[in-house]
């Protein structure tokens with residue numbers, strides 16, 4: 115009887131060990147669309163040093179913790195427009211911070227290709243973390259090739275798929291695989307975008323043969339992500355980006371998650387994989403990054419180094435860049451897609467400030483959506499430096515006397531450029547889709563009438579709207595600003611306007 119009890123206990127213990135051995139737990143930390151290394155909203159949210167503290171805390175909880183970024187990290191940023199050692203920074207600060215954080219895998223987003231070819235190559239060469247590029251390809255004189263990273267004279271191709279081996283404490287291991295996908299919204303002469311559906315399909319088929327479970331790390335619209343999720347029911351989780359607002363969208367037995375831009379939040383996915391049943395269980399938590407998160411000293415010191423440079427440059431123009439000038443009760447939308455395709459509240463705020471920067475009456479105000487570079491939503495406490503993030507290149511506001519027929523032509527050109535940088539954000543100018551009539555001050559534009567319009571100086575250079583230059587006969591007069599005038603710097607004009615609200 116005693117021997118039978120021992121035997122039964124032994125069988126029970128073996129069964130328990132077997133069950134335990136069959137399950138492997140691992141954790142993903144997901145970021146996307148991160149352009150700012152320091153906290154935002156007066157220090158209340160975001161900050162990469164805080165993310166790294168969370169990373170370290172989760173590594174203590176589970177050594178099988180992986181840090182991911184689902185595209186868009188090199189551009190745009192205010193820091194990126196400044197010069198360091200004679201060259202534009204262009205994401206160098208992000209790479210240095212991300213190297214210190216030991217990212218496990220990073221996907222390319224459309225904004226990486228804002229950089230010039232040589233600038234992007236420099237950032238790829240500087241990166242110590244693994245970058246995945248399933249469908250973006252490098253278009254060269256020799257033909258279409260994979261992008262490469264060069265270190266110590268050795269070139270390494272960016273892979274289309276990436277595998278990791280994950281082990282539990284008992285030594286049981288599984289292989290997890292990743293594919294990426296980047297939308298082709300940023301055409302450049304040096305970039306060839308393979309069809310992301312076909313590329314992802316090829317990658318997933320390959321990974322299914324090699325791995326126990328496959329995940330997506332994508333930079334697509336949510337509708338495109340849904341199509342991929344429907345195509346690949348074997349993929350339990352797609353970690354995406356691009357929309358800049360957090361979401362968790364179920365698709366069958368899978369889900370798509372996106373965190374808020376600039377690390378205001380991150381997704382933490384605690385995942386269990388049963389090697390015996392092949393079942394994947396995912397517990398996803400959206401975690402806010404705040405002062406309560408804590409801060410990693412090493413990453414904080416790197417962020418501080420870059421912030422010193424930023425403060426020095428900004429203080430040449432704005433004495434108190436961190437002073438709160440306005441509190442937004444609703445998000446001010448400066449995200450790329452809406453700012454270049456529809457009228458947003460941030461666009462209205464900018465153009466209203468432009469109109470109010472002059473003492474004399476302005477009929478309407480116009481700025482090209484492409485000048486608004488923040489690609490984010492401003493909310494809560496807004497500082498002077500936030501306005502510089504909105505319009506990093508600055509420039510003047512020009513008071514222009516312009517004939518009605520040319521003004522209407524300009525407005526129509528901007529309307530037809532929806533989706534492009536030439537799309538115009540407007541104050542006091544409206545279009546009726548039914549009548550196809552433009553109005554200013556609620557009155558139909560009269561061809562022969564001369565209107566006084568506030569333009570961003572960039573628009574008068576003819577880059578976005580080729581026929582809009584001071585030499586056009588429809589431009590009657592361009593008034594010059596004194597250096598002390600509010601209109602001399604569009605950012606100062608906005609700051610003064612917000613302070614007076």
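Residue numbers (the numbering used here): 115 to 615. Every residue gets a Cβ at the ideal spot worked out from N, C-alpha and C, and that includes glycine. Everything numeric in this text was worked out from a predicted model, so none of it was measured.
Per DSSP, reduced to three states, the secondary structure at residue 313 is helical. Around residue 467, the same chain offers 607, 608, 611 as residues with beta carbons nearer than 7 Å, after the five sequence neighbours per side are excluded. Membership of residue 553 in the beta strand (DSSP E) is indicated by the continuous run 551–554. According to the DSSP assignment, residue 524 belongs to the alpha helix (DSSP H) that extends over 518–530. For residue 253, the uninterrupted beta strand (DSSP E) run begins and ends at 250–254, by DSSP. The segment 529–613 is shown to contain whole beta strand (DSSP E) runs of 3 or more residues at 538–541, 543–546, 551–554, 564–570, 589–593, in chain order. In the DSSP assignment, the residues bridged to residue 513 are 568, 593. Secondary structure at residue 430: coil, using DSSP grouped into helix, strand and coil.
Fully enclosed alpha helix (DSSP H) runs of no fewer than 4 residues occupy 450–453, 459–469, 498–504 of the segment 433–515, in order along the chain. Looking at the backbone, the Cα of residue 493 and that of residue 503 are separated by about 13 Å. In the structure shown, residue 306 falls within a strand segment according to DSSP collapsed to helix, strand and coil.
Residue 163 is positioned such that its CB atom lies no closer than 9 Å to that of residue 328. Closest in C-alpha terms to residue 409, from the list 488, 481, 167, comes 167. With respect to the 9 Å criterion, residue 233 and residue 260 are not classified as neighbours on the basis of their beta carbons. Secondary structure of residue 328 (DSSP, three-state): strand. If you draw a straight line from the Cα of residue 564 to the Cα of residue 515, it comes to about 6 Å. Following the DSSP letters along the chain, one finds residue 372 inside the beta strand (DSSP E) bounded by residues 368–372. Taking 9 Å as the cut-off, the Cβ atoms of residue 283 and residue 314 do not count as close. Rounded to whole angstroms, residue 469 and residue 475 show a C-alpha spacing of 8 Å.
Secondary structure remark: continuous beta strand (DSSP E) runs of at least 3 residues inside the segment 271–303, in chain order: 275–281, 287–296. In terms of Cβ geometry, residue 369 and residue 402 do not form a close pair [threshold 9 Å]. A check of alpha carbon separations from residue 488 across 586, 375, 420, 197 identifies 375 as the nearest. With fewer than 16 other Cβ atoms from the protein chains shown falling within 10 Å of its own Cβ, residue 198 counts as exposed.
By the CB criterion at 9 Å, residue 140 and residue 381 fall outside the cutoff.
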